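Below: the structure, in structure tokens.
2 protein chains.
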Amino acid sequence: VIDRPTCLARDLADPLARFRPLFHHPPDLIYLEGNSLGMMPKAVPARLDALVSREWADGLIRSWNDAGWWDMPLRIGAKIARLIGAHPDEVAATDSTSVNLFKLLAAATQLRPGRRVILTDPDNFPTDLYIADGLVNLLPGYELRLRPVTEIAASLDETIAVVTLSHVDYKTAAIHDMPAITRAAHAAGALALWDLSHSAGAVSVGLAAAGADLAVGCGYKYLNGGPGAPAYLYVRRDHQEKIRAPISGWWGHAEPFAFLPRYAPAPGIARMLCGTQSPLAMAALDTALDLWADVDLALLDVKRAALTDLFITLVERDCPDLRLASPRDPAARASHVSFRHEDGYAVMQALRAAGVIGDFRSPDLLRFGFTPLYIGYVDVFDAATRLALVMREEGYRRAEFRRPARVT
Amino acid sequence: VIDRPTCLARDLADPLARFRPLFHHPPDLIYLEGNSLGMMPKAVPARLDALVSREWADGLIRSWNDAGWWDMPLRIGAKIARLIGAHPDEVAATDSTSVNLFKLLAAATQLRPGRRVILTDPDNFPTDLYIADGLVNLLPGYELRLRPVTEIAASLDETIAVVTLSHVDYKTAAIHDMPAITRAAHAAGALALWDLSHSAGAVSVGLAAAGADLAVGCGYKYLNGGPGAPAYLYVRRDHQEKIRAPISGWWGHAEPFAFLPRYAPAPGIARMLCGTQSPLAMAALDTALDLWADVDLALLDVKRAALTDLFITLVERDCPDLRLASPRDPAARASHVSFRHEDGYAVMQALRAAGVIGDFRSPDLLRFGFTPLYIGYVDVFDAATRLALVMREEGYRRAEFRRPARVT
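Protein chains in written order, with this note's numbering: chain A, 109 to 516; chain B, 109 to 516.
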């Protein structure tokens, strides 16, 4: 039998439980949307206040050196590297995921001249599809080819420059097989580019072990870097000296302060930097990443599987109208769980009114994110209990929860 | 005779003087580098603390709507529009200047198919040259052509897709003739793209009056939006429905929350948005821009000319070893003043030790920025006095101010 006391006992035995109080939890709220925007680490406000009221206000331009602003993208990149199984000199924090994806896709086409196809999955995260579409629109003769992820390996041939996929499906939470697909890409002479936005910080990621060529990811989901936090990019060491940054700004220049008229790429991953980054945004991410230094990453996989298993068990026991849309095998499932319901929009509105925040994705998907770092077993139990109440009383049928004509 | 009391009298009569106390001035420091990083408006820390400690911490994902985070790029863009003589729906705050320049140059080549040359000035801001170089490297058959700004008009022909120039030369502060060069570009069937980073907020800019097609600019210099503040881009109304964003991310989608598999551009300037922006960085810029709502922009030109004239007069009177590198005509000169000295690096180091911050640009250029919004006449007088002392006592020859092998 699963009840609240057994969940409480599991929290007490959880080796990751000590991270929960390091985040700000609003009272009477269960937050299951860390897969979209992570909670705020309590250390952030003081760090930002120091940056603004001391480093900017008093240090002014000198803080680019004196306060270490200039070095943030690579210093923070090295911290992220540990979370994604990369070497510290293979990652930079910079720009947005979309911009980074554009940079790496464009660079990939130049690393594989003569191959003119970008291969991806039609269920890839939409902005990843849009970015690839924008690039092939810009490059004459290039094509974006869409194949279901199960057919990607069989679709590889000598026309493919790069395969780009999300490590985790943003709708279902299915984990794609990074090592196998990367191997298949390499066997066909193509590069493999992974979007880690929905996996890093919740699922163990082994870029180096898989031999992945390129990757991008997002700072504001499971990394808890704050709204619109800087994203990151990864370039495998042996590609770094061959890669040409397509958006070649001064931050990627070998001598940025020499103000030379000709572009010359910086050595290593720094060449993928572009324009001036926001130390404010960087500092929030940096502070959030400091929490990760103490995290045993193997525990993430264990706890993620346990939290999501618990939620699925409780929802399937108490909410027969909800149909699981995520893989049932926890090894194949990342850190969120999705259920389908034809009135999904209204259900999520009603659940939010009951103090549980998840999200809704058209047309019928309810998503619940379980961040191993700050969500506990009692949170899962309470959220499932409130969801069951909403479903049983059909509170979601009230007019106030009805879907508007256009959702934004 | 120019002395401190006459300068004090001018401050007292200055209609812009009321803005000075709205910025944080570190004690015993005269800050003449607002052309690189503007000072901190005193209202910023409270705004950021509210954003972090309330909107992020408690509002969490809901704040994208409830706190207006989502709308920031266009709402802030509309505030910038007033400063650059654009319509409110022609500007968006987003990304970095370098990324925005890439986006608009790429879009310009698509607006002028068949024309394969980007024309610019070899003295354009280096990162602008690097970005254009990166784009032509990506697009087969394209060329970046460099001509001195005095020869730009004569270099226009039917091969030119777009002329891209900085409105103000970052070294000399020379203002380029936006209306005349834009007219010449149009007469040749080319587009004109202006970088306003060194003019907006210090020099009146009339994009619409000049008929400029495209523009980019920076939020952290004269706009005082904080280190690494979001940049902005401008697209003239009649180009907006024809333009295709080359980096086409979900923020520029017609229905970003429908998560449709195919890209469809948003109407208007919104289509030039790309990935998720940082509300933190946006909020600092937004707060800084609120100060501008009350500024009579015509006064900027008057005061900028007066401050820079005063500085030139004092330096030429008291520092005969410094040679003016900026235009003498204040109508041709933006808001910074440059002098040359063979020991320029050491002079600037010594001057900084004396409490005056300007900057140095290789090989021999001293730059002093005069931000009309927070620099007064007494500041100019005191800065010139300290500079004269440094020069007269040759304090800059001390070993501690010697230039290191590599300056960063």
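Using N, Cα and C, we set each Cβ at its ideal position, and we do this for glycine too.
Note that the structure is predicted; figures quoted are calculated from it, not measured.
Under 7 Å Cβ-Cβ, which residues of chain A neighbour residue i?
i	result
tryptophan 164 of chain B	Met148, Gly334, Pro335
tyrosine 238 of chain B	Ser356, Gly357, Trp358, His361, Tyr371
Taking Cβ positions, are residue i and residue j nearer each other than 8 Å?
i	j	result
threonine 357 of chain B	proline 373 of chain B	A small fix is needed here, since residue 357 of chain B is glycine in this sequence, not threonine. No, the Cβ-Cβ distance between glycine 357 of chain B and proline 373 of chain B is not below 8 Å.
leucine 393 of chain B	glycine 334 of chain B	yes
histidine 449 of chain B	alanine 281 of chain B	no
leucine 145 of chain A	proline 234 of chain B	no
arginine 224 of chain A	glutamate 259 of chain A	no
leucine 219 of chain B	leucine 399 of chain B	no
isoleucine 192 of chain B	leucine 322 of chain B	no
proline 256 of chain B	proline 230 of chain B	yes
leucine 381 of chain A	leucine 331 of chain A	no
phenylalanine 419 of chain B	alanine 492 of chain B	yes
serine 274 of chain A	aspartate 241 of chain A	no
valine 270 of chain A	leucine 299 of chain A	yes
leucine 407 of chain B	proline 123 of chain B	yes
alanine 339 of chain B	serine 204 of chain B	yes
glycine 185 of chain B	isoleucine 355 of chain B	no
lysine 187 of chain A	leucine 341 of chain A	no
Would you please verify whether the beta carbon of residue i is less than 8 Å from any beta carbon of chain B?
i	result
leucine 408 of chain A	no
aspartate 426 of chain A	no
valine 515 of chain A	The predicted position of valine 515 of chain A is uncertain, since its pLDDT is 47 and thus under 50; no value can be drawn from it.
glycine 242 of chain A	yes
threonine 395 of chain A	no
proline 555 of chain A	Look at the range of chain A in this structure, 109 to 516, and you will see that residue 555 of chain A is not part of it.
proline 375 of chain A	no
leucine 116 of chain A	no
For residue i, return the contacting residues in chain A, with the cut-off set at a CB-CB distance below 9 Å.
i	result
isoleucine 465 of chain B	Leu168, Ile169, Arg170
serine 161 of chain B	His132, Met148, Val152, Pro153
Please confirm if residue i has its CB atom under 8 Å from at least one CB of chain A.
i	result
aspartate 203 of chain B	yes
arginine 379 of chain B	no
threonine 235 of chain B	yes
alanine 366 of chain B	yes
phenylalanine 55 of chain B	In the structure as shown, chain B starts at 109 and stops at 516, and residue 55 of chain B therefore has no counterpart that could be examined.
proline 230 of chain B	yes
Show which residues of chain A have a CB atom less than 8 Å away from the CB atom of residue i.
i	result
leucine 246 of chain B	Ala214, Gln218, Leu246, Leu247, Pro354
Interface residues of chain B around residue i at Cβ under 8 Å?
i	result
aspartate 157 of chain A	Pro153, Leu156, Asp157
Residue i versus chain B: which residues are under 7 Å apart at the beta carbon?
i	result
proline 221 of chain A	Per Cβ cutoff of 7 Å: no residues; proline 221 of chain A is ~10 Å from chain B at best.
proline 256 of chain A	Per Cβ cutoff of 7 Å: no residues; proline 256 of chain A is ~12 Å from chain B at best.
Measure from the alpha carbon of residue i to the alpha carbon of each residue in the options, then state which is nearest.
i	options	result
glycine 503 of chain A	A/Gly452, A/Asp472, A/Gly484, A/Phe476	A/Gly452
aspartate 404 of chain A	A/Leu299, A/Ala396, A/Val244, A/Ala310	A/Ala310
proline 428 of chain A	A/Pro149, A/His294, A/Arg500	A/Arg500
proline 480 of chain B	B/Val109, B/Ala117, B/Pro113, B/Tyr139	B/Tyr139
threonine 202 of chain B	A/Gly383, A/Gly463, A/Thr114, A/Lys211	A/Gly383
asparagine 143 of chain A	B/Glu163, B/Gly249, B/Leu168, B/Ile268	B/Leu168
isoleucine 289 of chain A	A/Ala439, A/Ala261, A/Ser161	A/Ala261
arginine 112 of chain A	A/Arg511, A/Val343, A/Ala496, A/Val488	A/Val488
alanine 295 of chain A	A/Ser307, A/Ser312, A/Thr267, A/His306	A/Thr267
glycine 327 of chain A	A/Val244, A/Ala200, A/His195	A/Ala200
alanine 117 of chain B	B/Leu497, B/Trp178, B/Tyr485	B/Tyr485
Along chain B, in chain order, which residues have C-beta atoms closer than 9 Å to that of residue i?
i	result
leucine 495 of chain A	Here the premise fails: no neighbours, minimum Cβ distance about 18 Å.
Could you tell me whether any Cβ in chain E is nearer than 8 Å to the Cβ of residue i?
i	result
alanine 269 of chain B	Of the protein chains in the structure, A and B, none is chain E.
Positions along the segment 338-352 of chain B whose CB lies within less than 8 Å of some CB in chain A: Listed by position along the chain: Pro338, Ala339, Arg352.
Positions along the segment 124-145 of chain A whose CB lies within less than 7 Å of some CB in chain B: Contact residues of the segment 124-145 of chain A toward chain B are His132, Pro134, Tyr139, Glu141, Ser144, Leu145 (C-beta to C-beta distance below 7 Å).
Residues, ordered as in the chain, of the segment 379-393 of chain A that lie near chain B by beta-carbon distance below 7 Å: So the close ones are Cys382, Gly383, Thr384, Gln385, Ser386, Pro387, Leu388, Ala389, Ala392.
Along the segment 460-485 of chain A, where does the CB come closer than 9 Å to a CB of chain B? Name the residues. Against chain B - using a Cβ distance shorter than 9 Å - the residues of the segment 460-485 of chain A are Arg460, Ile465, Asp467, Arg469, Ser470.
Residues from the segment 177-206 of chain A in contact with chain B, defined by Cβ distance under 8 Å: Correct list: Trp177, Trp178, Asp203, Ser204, Thr205, Ser206.
Compile a chain-ordered list of the residues in the segment 429-456 of chain A whose CB is closer than 8 Å to at least one CB of chain B. Here the close residues number zero.
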